[in-house]
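Visitor: Using this note's numbering, you'd call the opening residue of the sequence shown number 23 and step up by one each time.
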Amino acid sequence: MTPQSPDSFIVDNRPGQGGSIALGALARSAPDGTTMMLA
Numbered sequence: 023m024t025p026q027s028p029d030s031f032i033v034d035n036r037p038g039q040g041g042s043i044a045l046g047a048l049a050r051s052a053p054d055g056t057t058m059m060l061a
């Protein structure tokens, strides 16, 4: 993905509870259009 975007990417691995911890963090993130989740 980096060759297609001038921005850098940060991987924040949040395992546990079947993904609900990561989904909670995603829901609380700033709505700036730069956050994505891959499952």
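Beta carbons: idealized from backbone N, C-alpha and C, even for Gly.
#1: Just how far apart, CA to CA, sit Gly-41 and Pro-28?
#2: Rounded to the nearest angstrom, what separates Ser-30 and Gln-39 at their Cα positions?
#3: In the DSSP assignment, find the alpha helix (DSSP H) that holds Arg-50 and state where it starts and stops.
#4: Suppose the cutoff is 6 angstroms on Cβ atoms and the five residues either side in sequence are ignored; what does the same chain contact list for Ala-52 look like?
Guide: To lay it out plainly:
#1: Walking along the sequence shown from the start, residue 41 turns up at place 19. Walking along the sequence shown from the start, residue 28 turns up at place 6. Approximately 29 angstroms, taken between the alpha carbons.
#2: The residue labelled residue 30 in the question sits at position 8 within the sequence shown. The residue labelled residue 39 in the question sits at position 17 within the sequence shown. Computed Cα separation, rounded: 28 angstroms.
#3: One-based indexing of the sequence shown puts residue 50 at position 28. Arg-50 -> alpha helix (DSSP H) spans 42–50.
#4: Against the sequence shown, residue 52 aligns to sequence position 30. Excluding sequence neighbours, Ala-52 sits near nothing in its chain.
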